[in-house]
Each structure stands twice: as structure tokens, then as C-alpha cells.
Amino acid sequence: MHKLRKLLSLFPKVLTCLILIWTGVSTIIDVFIVSKIVVLFIIGILFVASIFTYFKIIVLGAGSPTDFPDLHLKNVQAADEGQEFPPEYLVEHSITLKTNGRFRFCRACAVWKPDRCHHCSSCNKCILKMDHHCPWFAACIGFRNQKLFVQFLIYATFYALAVFCLNGIQLLWWFRTKQYVRETIKISLLVVWLFSVIVLISMLAFTSYTIYLVCKNETTIEMYEWSNYKDRMQIYNDSTRMDLTYQENRFDLGSRRANWESVMGQSWIEWLFPIITRAQYRCRHTLDEKGLYFKVGAPLSQEIHDSMVLQANLMRRLTPKSSFDLPRDNTTIF
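Following this line, the structure appears as C-alpha cells:
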């Protein structure tokens, strides 16, 4: 079973590489109306950028709370009963709780779940700031590789655009000079051009939507969750004839630029190249910029912080002292 799963995870990687190689080589060979050096330069740069970023996304991974030893539960049952608490930095910074008012944790991974963290059934582990599980990578997109994912989409879109334009120029020349009188059209040229049309339209749509979500500081999962929550709230308001308001996106920093910079960095160099952001480099020896907690909108920041600390203090007072600090020998995972 494990070998089959590993084999299946290789399929999208091999397919992606073959598509990039096939379209690139075909374009270099078939397009001669444009200088070969120009074609080779454009295709070469975009190919290298796309393939490098693609594999860096996979190798780097999305990040998981299981990577942090202090987030591992001592006893799952104790956490479920409110007798074990997460590290202090989660208590102070978390803004999402379970429906019973306790801090979130994952039974399968036996770890505390920071804000925006979700368990992926395909990867079989919790993912920090999980956006979605992408079948084209056979991996999750989350906190650590989200920036690279956006850059890959941009590189791949420009790659598809370059293939479309270069092959399109060649086809246009073929029709304008009436080459069809003397010879039939080259099938590989036509197939690559038609394929690039389909891919370009798809990539433009998906890339635009992904950038839109980044500029809202919202993940794909959060978009669906908050959409469902909005619908339920509307039904409740209609049935009770009330008008309860809600905060749709608690992580919105107030402007598209601020939201974009929180993911992509604060300079054009960070936006264009697959490198870590300055903020991540500065905080490499701290818990900041690790996907364990996130900034929220200024009006809510202090209010949420005070509320979470108060919640934790109340739970500690209501919990018998003897139930704290359970030894690891009693660890039970359900």
C-alpha cells in the first residue's frame, strides 16, 4: 500500500515535468520565425524558474505543528477534558477555539492546532495555515510554501503565455505567407499551440483567484468555511428576525498591500524570486513567522488577546490542580 501511494505521488511530478519539457523543446524546434537565441532565452528562463519552484514547493513542504516538540500533547484525553493546555504563546495569540470553548488539538497527530491549521487526510498530518491539498504536487500548500506556490503559478502562466505567443507567431506567419499551398501544417506546432491555449486560460483563472485570496489574507479552506458560516448566520437571522453581525475575515490586515506583503514579502525582489522573506530571516531564531500565530486586524487585536487569556485563566481555575502536568508515561492517543 505504501509503495502504491508513493508511486501515485510520483505521477503528477513526472507528468508536470514531461509537459514542460515537451512544450519547451517543441517550441524551440518548430519556431524559426523568431531568432532561436531569443526563443531559447525566453523558454529557458521560464522553464528553469517553473521547474525549480515546483520542486522547491515539494521539498520545503507546507509545515506542520508536529515539527514543534512543545506542541505535542502529553495526554489526548486530558486535553479533551480541559485538563491540559497548549504552550503560553498559543494561549496568548490563538483566536480560534473549539465549539466547547477549549483550545483546538488533533487526535490523529496528538498535537495542539494553531490558528488556520487543519488536518490533511491525504498527507495524514496537520498542516500549518493549510490552503489546500494540490494533486499536481501530491502535497499540501500551506504556510511554508504558499509564497512559492504563488510564484510558481505566475512563472507557469508566463511560460504558457510564451509558448502560446511564440507558436502563435509561427502559425500566423505560416498562414500569411500561404505556406499551406506548398506544405501541410506541422502537427506538433498546432498541437502545442492548442494545448497552450487551454493551459493559459486555466492558469490565468487559477492564478488570478489565488492572488485575490492572498490579497484578502484568506486561504481556500477559510473561504469555504466563512462562506458556510455566513449562510448559516443568514438562516439564523431570518428565522429569529434578528440582525446579528459577524467578522468574516479576522486575518484581514486592512489593505490588499498589507495582506500581500504578509505572504510575499515587502520588496519586489522577494515578490519575484523564490527566496525567504526578510521578516522570516529576521525571526529565524524566534517563534514569529513560523505559522504558529498570525496578526489580526488592528481593531480586534487587543480585544481577542485579552479574551483568549481570560478564557485560559478561567479554564485553569475550574480544572482541579491534580489534573495538570500529566506525565508522558500516561500518554494515551485516541
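Heads up, this note's numbering is the position in the sequence shown plus 106, with the first residue counted as 1. Using N, Cα and C, we set each Cβ at its ideal position, and we do this for glycine too.
What's the call for I293, buried or exposed, on a 16-neighbour Cβ count within 10 Å? With a threshold of 16 other beta carbon atoms within 10 Å, I293 falls short and is exposed.
Closest residue to G188 among Y195, R208, L203 (Cα-Cα distance): It is R208 whose Cα lies nearest to the Cα of G188.
Under the DSSP definition of a beta bridge, which residues are partnered with F211? DSSP lists W218 as partners of F211.
With a threshold of 8 Å between beta-carbons, can R111 be considered close to chain C, or not? No chain C appears in the structure shown, which is made up of a single protein chain.
Could you tell me how far apart the beta carbons of I139 and I275 are, in whole angstroms, since I believe they sit closer than 8 Å? The Cβ separation is near 6 Å, so the contact holds.
How big is the Cα-Cα spacing for H280 and I307? In the sequence as presented, His is not what sits at residue 280; that position holds Trp. Per the coordinates, the alpha-carbon of W280 lies some 24 Å from the alpha-carbon of I307.
Please confirm if the stretch 158–170 is in contact with the stretch 245–265, defined as three or more CB-CB distances below 8 Å between the two stretches. Touching, yes, given that three or more Cβ pairs across the two stretches are closer than 8 Å.
Alpha carbon to alpha carbon, what distance is there between V137 and S302? Taking the straight line from one Cα to the other gives about 14 Å.
CA nearest to the CA of N273, picked from K112, L152, I127, V145: Distances from the CA of N273 to each of K112, L152, I127, V145 were compared; the closest alpha carbon is that of V145.
Give the range of the alpha helix (DSSP H) segment to which I151 is assigned. Residues 142–166.
What would DSSP say about K231, mapped onto helix, strand or coil? Shown here, K231 sits in a strand according to DSSP, grouped into three states.
Residues near T129 by beta carbon distance below 6 Å, same chain, minus five either side: Contacts found: V269, V298.
Would you kindly work out how many angstroms separate the C-alpha atoms of I317 and W377, rounded to a whole number? Roughly 12 Å between the two C-alpha positions.
Can you round the beta-carbon distance between V217 and T172 to whole angstroms, since I take them to be within the 8 Å contact cut? Indeed they touch by this definition, with Cβ atoms about 6 Å apart.
Around the C-beta of L116, are 16 or more other C-beta atoms found within 10 angstroms, so that it is buried, or is it exposed? L116 should be labelled exposed.
DSSP state of C223, grouped into three classes? C223 sits in coil when the DSSP states are folded into three classes, being neither helix nor strand.
Hey, could you find the ends of the alpha helix (DSSP H) C321 is sitting in? Counting along the chain, the alpha helix (DSSP H) containing C321 begins and ends at 293–322.
Segment limits, alpha helix (DSSP H) that includes I247: Looking at the DSSP string, I247 is not in any alpha helix (DSSP H); the run it does join, the beta strand (DSSP E), is 245–247.
Quick one: what's got a C-beta closer than 7 Å to K219's C-beta in the same chain, skipping five residues either side? So the qualifying residues of the chain are P171, R210, F211, C212, C232.
C-beta contact flag for V320 and R356 at 8 Å: Not closer than 8 Å, so no.
Residue range of the unbroken alpha helix (DSSP H) whose run includes H199: Per DSSP, H199 belongs to the alpha helix (DSSP H) from 194–199.
In DSSP terms, what C240 is bridged to: In the DSSP output, where bridge partners are listed per residue, C240 has A245.
Residue closest to T325, alpha-carbon to alpha-carbon, out of A262, D358, I304, D186: Answer by Cα proximity: D358.
Within 10 Å of its beta-carbon, does C223 have 16 or more other beta-carbons around it, so buried, or fewer, so exposed? Looking at its Cβ environment, which holds 16 or more other Cβ atoms inside 10 Å, C223 is buried.
Give a yes or no on whether the C-beta atoms belonging to S200 and D221 are separated by under 8 Å. S200 is a Cβ neighbour of D221, given a cutoff of 8 Å.
Might you give, ordered along the chain, the residues of its own chain that have their beta carbon closer than 7 Å to the beta carbon of I260, omitting 5 neighbours on each side? So the qualifying residues of the chain are T313.
Looking only at its own chain, which residues have a Cβ that is under 6 Å from the Cβ of A266, when we skip the five neighbours before and after it? Around A266: S302, V305, L306, M309.
Assigned secondary structure, R111 (DSSP; H/G/I helix, E/B strand, else coil): Here R111 sits in helix by DSSP.
Measuring CA to CA, which of Q285, E289, S361, R288 is closest to K322? Taking K322 as reference, the option from Q285, E289, S361, R288 with the minimal CA-CA separation is S361.
Alpha carbon to alpha carbon, how far is T283 from L124? Give it in angstroms, no decimals. Going by C-alpha positions, L124 is about 33 Å away from T283.
Other residues of its chain near F255: CB distance less than 7 Å, five sequence neighbours each side excluded: Cβ contact annotation for F255 (same chain, cutoff 7 Å, sequence separation greater than five): I163, I247, in chain order.
Count the other CB atoms within 10 Å of the CB of E331; is the residue buried (16 or more) or exposed (fewer)? Exposed is the call here.
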